[in-house]
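Student: Before I ask anything, let me first share the structure, which is written out below as structure tokens.
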Amino acid sequence: MLSPLVEKRYGKYERKPAQQRLPKKCGETGFTDEIDWVEWDRAIGVAKDLNKPIFFLIHKT
2 MLSPLVEKRY GKYERKPAQQ RLPKKCGETG FTDEIDWVEW DRAIGVAKDL NKPIFFLIHK
62 T
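Residues 2 to 62 (the numbering used here) make up the sequence shown, in order.
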């Protein structure tokens, strides 16, 4: 996944226009809909099946 600040076009990276840089927030988490949230007890299996890394976020309030 690319940074929300850049996109790949014609083999090179370009800065996105300002209105496209920030992902839209959603729901109670305040994060974008583009995140596939998975419970920790399932995360390792899902990551192995999809051959993707795990991003473990700890939020303290």
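The beta carbon of each residue, even a glycine, is placed where N, CA and C say it ideally should be.
Owing to the predicted nature of the structure, the values given are computational and were not obtained by experimental measurement.
I'd like to know whether the C-beta atoms of F56 and W41 end up nearer to each other than 9 Å.
Tutor: Residue numbering aside, residue 56 sits at position 55 when the sequence shown is read from its first letter. Residue numbering aside, residue 41 sits at position 40 when the sequence shown is read from its first letter. The answer is no: Cβ separation not under 9 Å.
Student: According to DSSP, is D37 part of a helix, a strand, or is it coil?
Tutor: For the purposes of this step, residue 37 is identified with residue 36 of the sequence shown, where counting begins at 1. In the structure shown, D37 sits in coil (DSSP, three-state: anything other than H, G, I, E or B).
Student: Output the distance between the C-alpha atoms of L51 and F32, rounded to the nearest integer angstrom.
Tutor: Position 50 of the sequence shown holds residue 51. Position 31 of the sequence shown holds residue 32. L51 and F32: Cα-Cα distance of roughly 22 Å.
Student: Quick check: the Cα distance between A48 and D37, rounded to an integer number of angstroms?
Tutor: Here residue 48 is taken as the residue at index 47 of the sequence shown, counted from 1. Here residue 37 is taken as the residue at index 36 of the sequence shown, counted from 1. Rounded to whole angstroms, the gap between the alpha carbons of A48 and D37 is 11 Å.
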